[in-house]
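Enquirer:
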Amino acid sequence: MALLHSMCTITKPSLNDVTAIFKEFRRSLDARKPKPSPKPSKSSPSSSGASEKRGRKSATRASAASDDAGGDDCGIAHTSLGFERSCTWEPDEKRCWILSDMELWNRILAHDCIELRQFTWCELALMGYQWPEKKPGDQDILRASLLIHVLLRQHREVVRIIGSYVEQATSLTHLELLNIWHLVLSMAFFPDADVFNVFRALESNRTIFIMVFNAITFGERNAKALGRLVERNRTFNSLILDLNHSEPCVDRMVQFRNICRELKEALRRNRFIAHININLGNSDLSNDPAIKEAIRRNSALINQAIRFVNGSMDKTDALAFETLQHCRSVSIRMHSHGGISLESALQKVAEARERLALNYFVLAGVVKAKLVCQMTRKEKKMTLLDKIGRVMQARICSYLSLTDVVDI
Numbered sequence: 001m002a003l004l005h006s007m008c009t010i011t012k013p014s015l016n017d018v019t020a021i022f023k024e025f026r027r028s029l030d031a032r033k034p035k036p037s038p039k040p041s042k043s044s045p046s047s048s049g050a051s052e053k054r055g056r057k058s059a060t061r062a063s064a065a066s067d068d069a070g071g072d073d074c075g076i077a078h079t080s081l082g083f084e085r086s087c088t089w090e091p092d093e094k095r096c097w098i099l100s101d102m103e104l105w106n107r108i109l110a111h112d113c114i115e116l117r118q119f120t121w122c123e124l125a126l127m128g129y130q131w132p133e134k135k136p137g138d139q140d141i142l143r144a145s146l147l148i149h150v151l152l153r154q155h156r157e158v159v160r161i162i163g164s165y166v167e168q169a170t171s172l173t174h175l176e177l178l179n180i181w182h183l184v185l186s187m188a189f190f191p192d193a194d195v196f197n198v199f200r201a202l203e204s205n206r207t208i209f210i211m212v213f214n215a216i217t218f219g220e221r222n223a224k225a226l227g228r229l230v231e232r233n234r235t236f237n238s239l240i241l242d243l244n245h246s247e248p249c250v251d252r253m254v255q256f257r258n259i260c261r262e263l264k265e266a267l268r269r270n271r272f273i274a275h276i277n278i279n280l281g282n283s284d285l286s287n288d289p290a291i292k293e294a295i296r297r298n299s300a301l302i303n304q305a306i307r308f309v310n311g312s313m314d315k316t317d318a319l320a321f322e323t324l325q326h327c328r329s330v331s332i333r334m335h336s337h338g339g340i341s342l343e344s345a346l347q348k349v350a351e352a353r354e355r356l357a358l359n360y361f362v363l364a365g366v367v368k369a370k371l372v373c374q375m376t377r378k379e380k381k382m383t384l385l386d387k388i389g390r391v392m393q394a395r396i397c398s399y400l401s402l403t404d405v406v407d408i
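As structure tokens, then:
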């Protein structure tokens, strides 16, 4: 509760407001709640003795908690039901329990013009639609925003967000989209402060590898925030911007130049983006020489990383893979150009990651073939590195970088 409360930076709801909303969730999202028994259950002698030992203070706290829970139908006994229940989805094998309760969830999300839909077999998408003339109230927006956060934290099958970002009441300082890989963001006519906060939140995201920004007006502040996002994010490799639906009062060529200026600077320190597209009539940002050179450099880095995945033991290829090992650009390129499934590509990348750790000392140039330590008289009681086994060596080396070893 305290974490979610700290994320609400615009309307500043109290902690009690956030707590009350979650009590409401427990009451309204529990479709299979068992009816409470009219007779109190009898406790065993051992449990009674244990309760007496806790003392009056503990009993008072327990009684107060019980009153709160009972008043809102959210007792501890029901934590396995309702919105607190863990996700049960298994890809292509098992449905999640939430599919049977979507109507209940959508009643709350509808207040913020958002709907939870099934778009492929048992996979869900959050879909936004246009607000009515009467803007939703802050409390309705807050309820929907907190429920969206719960969905993204607890449900692996929510794999896509499409539509408008309507987080007006709760601008997040850290946007944690655990399983979202394709983000389409539309923030037409939103204040620059909201756009800025979203871009700042996306800087630390480690799952999205395609970002599409529609209907965002890129004045100097938003363009700088975009440049900072490109500079700091280490995951996404495709950036698509559509300026055709930005605010008409701000010249779109001025927006285009703002974006171009910031991206040219940010791409000097980015090794992950391999595709940039800006939709603005006949103008093409990718034709800028500095940006073309950055995209060409990053594309060459992907090819070097793929060579390491395919078995190369060259240090240059290993350095490229080490840089991109947590970026989806390698597996996507192998899938699109190598004729293998995405699952197979991801498996090969995981195997290459293990090989990088197992062969760290060879790839770093410390040894030519095998690590051998010579024991001296002072080291007789010490365990040498080559005696602890390759698996443990790899575990230690996984915390090291090839650049930690300097060539002489």
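The sequence shown begins at 1 in the UniProt record's numbering and counts up one residue at a time. We put the CB at the ideal spot given by N, CA and C, even for glycine.
#1: Is the separation between the beta-carbon of Phe209 and that of Asn237 shorter than 7 Å?
#2: Across the segment 212-220 and the segment 247-263, are there enough close Cβ pairs to call them in contact, namely three or more that are closer than 8 Å?
#3: Identify whether Val406 lies in helix, strand or coil by the three-state DSSP scheme.
#4: Based on Cα-Cα distance, which residue from Trp121, Lys348 and Leu202 lies nearest to Gln325?
#5: Would you say the segment 265-275 touches the segment 294-302, given that touching needs at least three Cβ pairs under 8 Å?
#6: List the DSSP bridge partners of Phe199.
#7: Just the C-alpha distance for Asp17 and Leu229, rounded to the nearest angstrom, thanks.
#8: State the CB to CB distance for the pair Leu142 and Ile21, rounded to an integer number of angstroms; the pair is presumed to be in contact (CB under 8 Å).
#9: Within the same chain, show all residues whose beta-carbon is closer than 8 Å to that of Arg95, passing over the 5 residues directly before and after it, in chain order.
#10: What's the gap between the Cα of Val367 and the Cα of Phe361?
#11: By how many angstroms is the C-alpha of Val330 removed from the C-alpha of Arg153?
#12: Quick one, which of Trp105, Leu267, Leu124 and Leu280 has its alpha-carbon nearest Val254's?
#13: Starting from Ile108, trace the alpha helix (DSSP H) both ways and give me its first and last residue.
#14: Assuming the contact rule is C-beta atoms closer than 8 Å, Met127 and Ile108 should be a hit. Round their C-beta distance to whole Å, please.
#15: Please state whether DSSP places Asp317 in a helix, a strand or coil.
#16: For Val405, which residues in the same chain have their Cβ closer than 8 Å to its Cβ, ignoring the five residues on either side in sequence?
#17: Count the other CB atoms, across all protein chains shown, that sit within 10 Å of the CB of Ala305; report buried if there are 16 or more and exposed otherwise.
#18: If you draw a straight line from the alpha carbon of Glu247 to that of Phe196, how long is it in whole angstroms?
#19: Would you tell me roughly how many angstroms separate the C-alpha atoms of Ile278 and Thr235, rounded to the nearest one?
#20: State the CB to CB distance for the pair His337 and Ala345, rounded to an integer number of angstroms; the pair is presumed to be in contact (CB under 8 Å).
#21: Quick one: Cα of Ser401 to Cα of Pro91, how far?
#22: Hey, could you find the ends of the beta strand (DSSP E) Asp242 is sitting in?
Expert: Reading from the atomic positions:
#1: Against a cut-off of 7 Å, the Cβ pair of Asn237 and Phe209 comes out as a contact.
#2: Output reads yes: the segment 247-263 touches the segment 212-220.
#3: DSSP, read as helix, strand or coil, puts Val406 in coil.
#4: Closest by alpha carbon: Lys348.
#5: A contact between stretches requires three or more CB pairs, one per stretch, nearer than 8 Å, and the segment 265-275 meets this requirement with the segment 294-302.
#6: Beta bridge pairing from DSSP links Phe199 with no other residue.
#7: Computed Cα separation, rounded: 32 Å.
#8: At roughly 7 Å, the Cβ-Cβ gap stays under 8 Å, so Leu142 and Ile21 are in contact.
#9: Residues Thr88, Trp89 and Cys122 of the same chain have their beta carbon placed closer than 8 Å to that of Arg95, with the five preceding and five following residues left out of the count.
#10: Their backbone Cα atoms lie some 6 Å apart in a straight line.
#11: Taken atom to atom, the span from the alpha-carbon of Arg153 to that of Val330 is near 26 Å.
#12: The shortest Cα separation from Val254 among Trp105, Leu267, Leu124 and Leu280 belongs to Leu280.
#13: Annotation: the continuous alpha helix (DSSP H) that includes Ile108 extends over Met102 to Leu109.
#14: In this structure Met127 is not in contact with Ile108, their Cβ atoms being roughly 15 Å apart against a cut-off of 8 Å.
#15: It is helical.
#16: Ala364, Gly365 and Val366.
#17: It counts as buried.
#18: Cα to Cα, the separation comes out at about 16 Å.
#19: One alpha carbon belongs to Ile278, the other to Thr235, and they sit about 20 Å apart.
#20: 10 Å between Cβ atoms; not a contact.
#21: Here the alpha carbons of Pro91 and Ser401 stand approximately 34 Å from one another.
#22: For Asp242, the uninterrupted beta strand (DSSP E) run begins and ends at Ser238 to Asp242, by DSSP.
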